[in-house]
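Since the structure comes first, as structure tokens, the remarks are kept for the end.
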Ligand SMILES: Cc1ncc(C[n+]2csc(CCOP(=O)(O)OP(=O)(O)O)c2C)c(N)n1
Ligand code: SF4
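Chains as they are written, first to last, in the working numbering: chain A, 1286 to 1676; chain B, 120 to 410.
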């Protein structure tokens, strides 16, 4: 069935189709429409779930942890300061191996306070043991939310997952989305059956105090689960395609087969980058665009494969690890560091705090990448779209 | 007596009031109970991996969020159709309740979750080495309110946590201490029979933090009541006028008898003015409660 929905509502609709049982949440722009929609579903009896309007994001995620440990399918959503307030608990949710799902309306962090899009909030949590997916359209928001439950709840995974939705570009923009039937989702996603719960019939201690004798092994096992997730994602992508017909890849590639310069992107800037690539291809330039839909676990193998012909990988970051460079750039560098045939990896920072991302920005990036290739001179990182008069 | 649900072998100091309180409470709550314990002494001494002292399911998440975690459990049990017959208890220290946990506690009480929140008040942050909390009594010396040339120890009075909880208009708020275990158990039983949030403020002497010999735990918890320092009461409904004293003290003992046994008040014994000030404060409180 075709529906017209904004990104927040696509996530809420997916959560409803996945029959979530407990949704604790706290509103923050641009994610606010998510708890609003969920509360509407519950108020109208369309979703049989417990909705908790918590008194803070910290408590919202705490309640998710309690609910998930007690055996309920659980999700919440947040953005920016809200995600930062959850920071402490993100590690606890993954450490306890609880498959909580959380759409994140990607928004800049204070200060200065800014409600618009960049990826600093979720990227800053890349090491928290949550799977991370980045969406490009509301269709992807819906599909990835459904797949995220299936991936996260897989017995080989048991990790929480966040989905990146670019603030306003996705969260507040309506698009036509193909919504699956309830019966199909029921077939795709079986009820959540946790291995261990807070059950008085079989008492267990969750969240023990752990001395140096044991702590490392817990982290190692969680890391192993992260790595195993890579295969589970492939399996779930294949099952999703078989059932719903839509095909997904961890690294989307556009014109990369023979590309010498590949632009690497996340989220909605990918579409703009592809338009720039089309324009440049029409002029005969060998450029391509690769975009990551999965950021954790990092799809190293797939990226190396997609970038096999690249002389330059121009990594475009909508975040900045202050004092160094973009976070995705660091990941890409690490993934190629021991590879025999590595491209020149460059880094471009753009679109922070909702600054427009334009086709000409990517043309500029390609120009800069070409020059770097010719002269072997470059700056890491390079900021794109700055208003020089303000600096 | 019910089966022990808090088992021996944990690592609490000898004479720890917290663990005595937990045993008393679990003997009433029974095995169909889920415990939420925030970071603090109780969690650290009783859940050291791969061992656990708990024969009931327990979850520890962080320091400030026991009430929020318990809210999630309450809702999950409801959503799963398992709510009936299971007690959800939060056991939090005074730090995790009066200070860092107050917001989550307030949210949980206001939303009306069926959670029994039990504050085990040992009047300081003991797990991290006896730092003051807003439950630390006036003049007590702690590692962050030390006695000094210009300091008498803690300079503020204890935060009125019971009144704060009563103001949330919840069905039941009560105080208790381990020396009066029948009173404590009666109150726990009452709270468990209520479908809604309840708050129990339990005084638990801490030999390490209060600096007294470990065999005096029960004695001190009795003296706290007999001197009027910690009146035992319960309150059903939203206003302080419903407050009922559950342990009348015929002849209130001087507060000195309570203070002199504790190293944290040693300097008060050498300072008559300060002692008189503390006595006056206790007298005023008792007059207010009609003790
Ligand atoms: C966010 C956060 N801040 C600080 C701490 C350090 N910390 C752990 S336990 C604790 C004090 C606990 O005191 P209380 O709640 O009174 O319990 P007690 O140990 O006295 O039983 C502190 C400060 C922490 N774990 N988390
Ligand atoms: S320090 Fe106090 S509260 Fe902590 S275990 Fe020892 S006696 Fe108990």
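For each residue, glycine too, the CB sits at the ideal point set by N, CA and C.
Any idea if residue 1675/A is buried or exposed, counting beta-carbon neighbours within 10 angstroms, 16 or more meaning buried? Walking along the first chain from the start, residue 1675/A turns up at place 390. Under this definition residue 1675/A is an exposed residue.
* In or out: residue 318/B buried (at least 16 other Cβ within 10 Å) or exposed? -> In the second chain, residue 318/B corresponds to position 199, counting from 1. Buried is the call here.
**Q.** Minimum Cβ-Cβ distance from residue 152/B to chain A less than 8 Å
**A.** Residue numbering aside, residue 152/B sits at position 33 when the second chain is read from its first letter. Cβ-Cβ to chain A under 8 Å: yes for residue 152/B.
Original post:
Helix or strand or just coil, what does DSSP make of residue 1638/A?
Top reply: Residue mapping note: residue 1638/A aligns to position 353 of the first chain, counting from 1. Reduced to three states, the DSSP call for residue 1638/A is helix.
| query | In terms of DSSP beta bridges, what is residue 322/B paired with? | reply | In the second chain, the residue the question calls residue 322/B occupies position 203. Note: residue 322/B sits in a beta bridge opposite 240/B, 296/B.
Residue 1549/A and residue 1622/A closer than 8 Å at C-beta: Sequence index remark: in the first chain, residue 1549/A carries index 264 (1-based). Sequence index remark: in the first chain, residue 1622/A carries index 337 (1-based). Not a contact, by the Cβ cut-off of 8 Å.
### Query
Does the count of Cβ pairs from the region 212–222 of chain B and the region 245–252 of chain B closer than 8 Å reach three?
yes
- Around ligand 2, which residues pass a check of Cβ closer than 6 Å to any of its heavy atoms? 131/B, 132/B, 135/B, 137/B, 160/B, 164/B, 241/B, 245/B, 325/B, 326/B, 327/B, 328/B
Does ligand 1 have a heavy atom nearer than 7 Å to the CB of residue 183/B? Reading the second chain from its first residue, position 64 is the one you call residue 183/B. For ligand 1, at least one heavy atom lies less than 7 Å from the Cβ of residue 183/B.
| request: Rounded to whole angstroms, what's the CA-CA distance from residue 1355/A to residue 1310/A? Just pull it up for me. | output: For the purposes of this step, residue 1355/A is identified with residue 70 of the first chain, where counting begins at 1. For the purposes of this step, residue 1310/A is identified with residue 25 of the first chain, where counting begins at 1. Spanning the two alpha carbons is a distance of roughly 18 Å.
**Per DSSP, the bridge partner or partners of residue 352/B** = The count along the second chain starts at 1 and reaches residue 352/B at position 233. Bridge partners of residue 352/B: 364/B.
Pairwise C-alpha distance: residue 409/B and residue 384/B: As a first step, residue 384/B must be located in the second chain, where it is residue number 265. As a first step, residue 409/B must be located in the second chain, where it is residue number 290. Each residue's alpha carbon lies about 27 Å from the other.
ask   = Would you say residue 1319/A reaches chain B, if we count a Cβ-Cβ gap shorter than 8 Å as a contact?
value = Here residue 1319/A is taken as the residue at index 34 of the first chain, counted from 1. False, the Cβ-Cβ gap to chain B never drops below 8 Å.
Quick check: residue 1511/A and residue 1444/A, are their CB atoms within less than 8 Å of each other? Taking the first chain and counting its residues from 1, the one referred to as residue 1511/A is at position 226. Taking the first chain and counting its residues from 1, the one referred to as residue 1444/A is at position 159. Closer than 8 Å, so yes.
**Request:** At 7 Å on the CB atoms, spell out the chain B contacts of residue 1489/A, in chain order.
**Result:** Position 204 of the first chain, counting from 1, holds the residue named residue 1489/A. Near residue 1489/A (Cβ distances below 7 Å), the residues of chain B are 176.
Point to revise | Coarse secondary structure for residue 1388/A, derived from DSSP in three states | key: Taking the first residue of the first chain as position 1, residue 1388/A is located at position 103. The answer is strand: DSSP assigns residue 1388/A an E or B state.
Cutoff 8 Å: residue 1350/A Cβ touching any chain B Cβ:
If you number the first chain from 1, residue 1350/A lands on position 65. Yes, because at least one Cβ of chain B sits closer than 8 Å to the Cβ of residue 1350/A.
**Q.** Under 8 Å by beta carbon: chain B residues contacting residue 1484/A
**A.** Start at 1 with the first residue of the first chain, and residue 1484/A comes out as number 199. The answer, in chain order, is 176.
Practice task
Return yes when the C-beta of residue 219/B is under 7 Å from any heavy atom of ligand 1, and no when it is not.
Solution key: For the purposes of this step, residue 219/B is identified with residue 100 of the second chain, where counting begins at 1. For ligand 1, at least one heavy atom lies less than 7 Å from the Cβ of residue 219/B.
Report task. Check residue 1523/A in the structure and name its three-state DSSP category. Result -> Residue 1523/A sits at position 238 when you count from the first residue of the first chain. Correct three-state label for residue 1523/A: helix.
Locate the alpha helix (DSSP H) running through residue 1320/A, then write down its first and last residues.
-> Reading the first chain from its first residue, position 35 is the one you call residue 1320/A. 1318–1328 is the span of the alpha helix (DSSP H), which, as asked, contains residue 1320/A.
Of the residues 234/B, 246/B, 299/B, which one's Cα is nearest the Cα of residue 289/B? Your numbering for residue 289/B matches position 170 in the second chain. For residue 289/B, the nearest C-alpha among the options comes from 234/B.
For this session: For residue 239/B, verify whether its CB is less than 7 Å away from any heavy atom of ligand 1.
Result: Within the second chain, numbered from 1, the residue matching residue 239/B stands at position 120. Yes, the Cβ of residue 239/B comes within 7 Å of a heavy atom of ligand 1.
Whether or not the region 1610–1624 of chain A and the region 1632–1639 of chain A are in contact is what I'm after, with contact meaning three or more pairs of Cβ atoms, one per stretch, closer than 8 Å; do they touch? yes
Just grab the DSSP bridge partners of residue 291/B for me. Within the second chain, the letter at position 172 stands for residue 291/B. Bridge partners of residue 291/B: 317/B, 355/B.
Alpha-carbon spacing of residue 1459/A relative to residue 1293/A, whole angstroms: As a working mapping, residue 1459/A is identified with position 174 in the first chain. As a working mapping, residue 1293/A is identified with position 8 in the first chain. Cα-Cα distance, rounded: 10 Å.
- Item | Other residues of its chain near residue 1429/A: CB distance less than 7 Å, five sequence neighbours each side excluded | As a working mapping, residue 1429/A is identified with position 144 in the first chain. Contacts found: 1418, 1420, 1448.
- Query: Near residue 1539/A, which residues of its chain fall below 7 Å by C-beta distance, leaving aside the five closest residues on each side in sequence?
  - Reply: Stepping through the first chain from its first residue, residue 1539/A is reached at position 254. Taken in chain order, the residues that qualify are 1559, 1562, 1573, 1574.
Notebook entry, point to check: Cα separation between residue 281/B and residue 294/B?
Noted result: On the second chain, residue 281/B is found 162 positions in, with the first residue counted as 1. On the second chain, residue 294/B is found 175 positions in, with the first residue counted as 1. Going by the C-alpha atoms only, they are around 8 Å apart.
- Item | Cβ-Cβ distance between residue 395/B and residue 341/B below 8 Å | The residue given as residue 395/B occupies position 276 in the second chain. The residue given as residue 341/B occupies position 222 in the second chain. No, Cβ-Cβ distance for residue 395/B and residue 341/B is not below 8 Å.
inquiry  = For a minimum of 4 consecutive residues, which ranges assigned as the alpha helix (DSSP H) are wholly contained in the region 1577–1604 of chain A?
reply    = 1585–1591
task: Can you tell me which of 174/B, 193/B, 176/B puts its alpha carbon nearest to the alpha carbon of residue 1348/A?
output: Taking the first residue of the first chain as 1, we reach residue 1348/A at position 63. Among 174/B, 193/B, 176/B, the Cα nearest to that of residue 1348/A belongs to 193/B.
Self-check item: Residue of 1509/A, 1440/A, 1339/A, 1335/A minimising C-alpha distance to residue 1478/A
Solution: Here residue 1478/A corresponds to residue number 193 of the first chain, with the count starting at 1. The shortest C-alpha separation from residue 1478/A is found at 1440/A.
_Stretch-stretch touch, CB-based, cutoff 8 Å, three pairs: the region 198–207 of chain B with the region 146–157 of chain B_ = yes
If I'm right that residue 1551/A touches residue 1457/A with Cβ under 8 Å, what's the distance once you round it to whole angstroms?
Taking the first residue of the first chain as 1, we reach residue 1551/A at position 266. Taking the first residue of the first chain as 1, we reach residue 1457/A at position 172. Residue 1551/A to residue 1457/A, Cβ: 19 Å. No contact.
Exercise for the section: With residue 1550/A as the anchor, note down where its beta strand (DSSP E) starts and where it stops. Expected result: Taking the first chain and counting its residues from 1, one reaches residue 1550/A at position 265. 1546–1551 is the extent of the beta strand (DSSP E) around residue 1550/A.
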